[in-house]
Amino acid sequence: MSSIKLRAVVALSGLALVCAAQAAQKEAAPPKKAAAHAKKPAAAKDPVAADFEKFHEIMEEDSPAELFEAKGAEMWKAKRGPNHVSLEKCNLGLGPGVVKGAYVQMPRYFADAGQMMDAERRIVYCMVTLQGFKEADLAKKPFSKGSYLPDPVALVTYVAGQSRNMKIAVPQKLPQERAAYKLGEEVFNYRAGPWDFSCASCHGEDGKRIRTQNLPNITTKEGANRAFQGWPGYRMTGGLMHTLQWRMNDCFRQQRFPEPGYATETIADLLTYMGVNANGYLYKGPGIKR
Amino acid sequence: MPDPMRIRAIAKNGEVNVKVLMAHEMETGQRKDAAGKPIPAHFIQQVTATWQGKVVLSANWGTAIAKNPFLEFTFKGGKKGDKIQVTWTDNKGEKRSDEATIN
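Chain order of the listed sequences is A and B.
Using this note's numbering, read the first sequence as starting at 722 and increasing by one per residue.
Using this note's numbering, read the second sequence as starting at 256 and increasing by one per residue.
Shown next, in the form of C-alpha cells:
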C-alpha cells in the first residue's frame, strides 16, 4: 500500500440571490433591448466557474450517485408493493421491461395512460398500476431528506444510469408530444406569483446565476443540455439524491409559485420543453451537484 | 442489511489501484434533530481490504469521515483477475462485505 486518499465533502457557503435583482432589471427593460442584451457574446469563463468544473471532474469520476443506481437496480427487480410483483414488466416507452435508453427518450406520450410522462411520472405510474402502491402515499414525501430516500428517486437514478452515454432523443412524433412542448414553453415563460417571476426570468438568457451557481439558458440547445445533464444528481450538501422532479419543484418554490403537484403532467410538459431543446447531445448519466 | 458498496480495482505497473464507494450515514452524534434531540452516532469504525487472504489495508475510522465515504488506495502485488474484498464494520456492529475482480 503506497497511498491513501480520502475525500471529504465541502459545503459551500452561499451568497445572495443574485438572479432576482438581475431578472427584475431584465423584465423592466423593453423587449427589444432585452433581445440585444442576449446577443452579447458570452463573457470569458470566470475563475469560480472554472474551479467548479475542475471540482466536478474530480468528483464525477466516482460519484456517489452510483450507490443509488445500485440500490435502484435491486429495487427494480424486487417483488414489492401490495401486489408483490417487480417492475420488470414496466413499459418505459420502448416496450415492457426495456430500460436501456428509456430515460433519454422521455418525457413521451403513453397511450395506455393517455398522458405525457417523464421518467419519474412513468415509474410512479408503474408502481401504482403494477405493484399496487397508492399514488397519494408516494406523493406524500416524494423528495429526499436527511436519511430518507423515496423509492422513486432510487428507481429513477437506476433508469437514468441505463441511458449513460446515449443520445438525448425526446420524441416529438405524436401530436400530443408536440402539444406538450408548446405547453411546456408556455409554462416556462409564464410570469406570476408575488415576485412576478417565470422560469425564463433566470433561464431565458445567458450569464445568469443564483449564488455561485451559473444558470443554463434553457432556450438554447447548449443551455438545455447543461440543464439536462447531471440529473438525477447527488447533492453534496447533505448527501442527498435528487431527481428532476425535485429540481422543478424547488425552482417553483424559489419563484414563490404555489407548489406544483408531485409528478404532474405540467412538470412533464416543462421537461418536454427542456428535453427536446437538448436533443442530440450525449447524456452522461446521473451526476453530482454542489 | 446495509446497502452495497461499489468497488473498482485496476492493475497498472505492478500496482493495483482500488476505489471504493460506501453507502453509510456517517452520523457524528453531534447533531440534533428537529425536536432538539441528539441524533445518535452511527459511523464506520473499521475498514479492511483483503487480497488473497492477506490484509492490504486496515483503517480505523471516526466521525470526521464524510457521509457515503469514498476511499482510494493502491497496493503492490495484485494482478488482473484476482479478487479484492472490502469489509466495513460500524459502531452499531453492522457489517458489509463486497468483492470485486481486479481489471
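Glycine included, every Cβ here is placed at the ideal spot set by N, Cα and C.
Under the three-state reduction of DSSP output, Thr987/A falls in the helix class. Counted as a single uninterrupted DSSP element, the stretch harbouring Ser313/B is not any alpha helix (DSSP H) but the beta strand (DSSP E) occupying residues Lys309 to Asn315.
Counting only runs that start and end inside the region 280-345 of chain B, the beta strand (DSSP E) elements of at least 3 residues fall at 299-306, 309-315, 325-331 and 338-345. Leu895/A sits exposed, since fewer than 16 C-beta atoms from the chains shown fall within 10 Å of its C-beta. Neighbourhood of Asn323/B in chain A, by CB distance below 9 Å: Val730, Pro785, Leu788, Tyr955 and Gly960, in chain order. Chain A has a Cβ within less than 8 Å of the Cβ of Ala278/B.
Apart from sequence neighbours up to five positions away, the residues of its chain that approach Asn935/A with a beta-carbon distance below 7 Å are Ala770, ordered along the chain. According to DSSP, Ile931/A shares a beta bridge with Gln934/A.
In terms of beta-carbon proximity, Arg351/B stays away from the interface with chain A, with every pair separated by 8 Å or more.
Fewer than three Cβ pairs drawn from the region 291-307 of chain B and the region 978-993 of chain A lie within less than 8 Å of each other, which leaves the two stretches out of contact.
Contact residues of the region 271-300 of chain B toward chain A are Lys274, Leu276, Ala278 and Glu280 (C-beta to C-beta distance below 7 Å). Looking at the DSSP output, His963/A sits in a beta bridge with Gly954/A. Look at Asp345/B: its C-beta is not under 8 Å from any C-beta on chain A. Residues of chain B whose Cβ lies closer than 9 Å to the Cβ of Lys792/A are, in chain order, Asp258, Pro259 and Ala278. A distance below 8 Å separates the beta carbons of Val275/B and Ile262/B. Here DSSP, grouped into helix, strand and coil, assigns Lys267/B to strand. Scanning its chain for C-beta atoms nearer than 6 Å, with the 5 sequence neighbours on each side dropped, one finds around Leu808/A the residues Trp797 and Cys847, in chain order. The Cβ neighbour count for Ile299/B, taken over all protein chains shown within 10 Å, is at least 16; the residue is labelled buried. Put simply, the backbone Cα of Glu980/A is about 36 Å away from that of Phe325/B.
The beta carbon of Ser868/A falls within 8 Å of a beta carbon belonging to chain B, placing the residue at that interface. For Thr850/A, the uninterrupted alpha helix (DSSP H) segment begins and ends at Ala840 to Thr850. Annotation for Ile1009/A: the continuous beta strand (DSSP E) segment containing it runs Pro1007 to Lys1010.
Taking one beta carbon from each stretch, the region 783-793 of chain A and the region 868-883 of chain A have 3 or more pairs nearer than 8 Å; the two touch. The shortest C-alpha to C-alpha distance from Pro817/A to any of Gly802/A, Val825/A, Arg843/A and His805/A is the one to Arg843/A.
Here the alpha carbon of Gly822/A sits roughly 13 Å from the alpha carbon of Asp839/A. Apart from sequence neighbours up to five positions away, the residues of its chain that approach Pro785/A with a beta-carbon distance below 6 Å are Tyr955, ordered along the chain. DSSP places Met969/A within a helical segment (H, G or I) once states are collapsed to three. For the 8 Å CB-CB criterion, Ile339/B and Gly333/B form a contact.
Rounded to whole angstroms, the separation of the alpha carbons of Thr993/A and Glu898/A is 8 Å. Here Thr964/A has Glu841, Val874, Val877, Trp952 and Pro953 as same chain residues with Cβ atoms under 7 Å from its own Cβ, once five neighbours each way along the sequence are excluded. Residue pairing by DSSP puts Met887/A in a beta bridge opposite Tyr1004/A. Scanning its chain for C-beta atoms nearer than 7 Å, with the 5 sequence neighbours on each side dropped, one finds around Cys972/A the residues Cys920, in chain order.
Residue pairing by DSSP places Thr356/B opposite Lys338/B in a beta bridge.
Beta bridge pairing from DSSP links Ile262/B with Val275/B.
One thing to note: Gly925/A has its Cβ within 8 Å of the Cβ of Asn938/A.
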